[in-house]
Structure formats: C-alpha cells, structure tokens
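In our numbering, the protein residues as written are 257 to 365.
Every residue gets a Cβ at the ideal spot worked out from N, C-alpha and C, and that includes glycine.
Here the structure is a predicted model, which means the values were calculated and not measured.
The structure appears below as structure tokens.
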Amino acid sequence: MVLQVVRASIKPEQREHWLEVIRGNAARTRAEEGCEGYQVAEDLEAPNTFVIIEQWANLDAVYRHFRNEFEALMAALGDVFAAPPEAWIHDLASTLTLDEVLAKAGLTR
C-alpha cells in the first residue's frame, strides 16, 4: 500500500476555486486504476489549510496518476497557494488496525 499525504495552505479569497478544482480532482482520482481512497480535510487549527490523503495499491499506480493528472491539476489550481504545498509518499510494508495495535500494546477496548 502507498499513502500520499499532501498539505496545502491556500489564499482565503481562492477557497471556492480550490474546493471546486479539488472536488473534480477527487472524483477523477477515485476512478483511476489503483486508487483505493482519497479524502480531503481542512485543518481545524489552521483555516484554509487542507490535508489530502490518497491511498494507492502500489507505486506504479501513483506514477500513472502523476503522469495523467499532475500538470493539469496545477494549471487548474493556478494561483491558489498561500505557500508551496508539501507532499509525502509513503510506501508501506504493513498496515495494522487500531484493534491490532491495542492488542499488541496489551490494551483492549
């Protein structure tokens, strides 16, 4: 599994444009082969700062996604960013559920 985490601070006056573009990007991305999830959230402590979490089957799917969407997405967003966005791509060896972690920690819920 691969997780992509993006943090983007946008200009307040560009909020509606950002939301429109990201909604469209979310729909297209979710339809891509290998996309297993795409969520957008706003940071409760930093208005107009958003976190996007994408879940992918593998790195090849991420590479295809970038080749197909990245340049068009950046062009559509235009001048929305208040600061350069940050992104991290995590290639995960394993994933545990909360219950599994709690059990390994000797806790139960």
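Cα-Cα separation, residue i to residue j
i	j	result
VAL262	LEU333	15 Å
TRP312	VAL258	5 Å
ALA315	VAL296	Correcting the residue type first, residue 315 is Leu in the shown sequence and not Ala. Taking the straight line from one Cα to the other gives about 21 Å.
GLU301	SER265	12 Å
ASN281	GLY293	13 Å
MET330	GLU310	17 Å
VAL277	GLU327	13 Å
Beta-carbon separation (whole angstroms), residue i vs residue j, contact threshold 8 Å
i	j	result
ARG284	GLU325	7 Å
Backbone secondary structure at residue i - three-state DSSP
i	result
ASP299	coil
TYR293	In the sequence under discussion, the amino acid at residue 293 is Gly, which differs from the Tyr named in the question. DSSP places GLY293 in strand when its eight states are reduced to three.
ASP347	strand
THR305	strand
ALA264	strand
THR375	Outside the modelled stretch of the chain, which goes from 257 to 365, sits residue 375, for which no answer is possible.
GLU238	Within the shown structure, residues of the chain are numbered from 257 to 365, placing residue 238 beyond reach of any answer.
LEU354	helix
Identified DSSP bridge partners for residue i
i	result
HIS273	Paired residues: none, contrary to the question.
LEU259	GLN311, HIS346
PRO337	According to the sequence shown, residue 337 is Phe rather than Pro. Beta-bridge pairing links PHE337 to ILE266.
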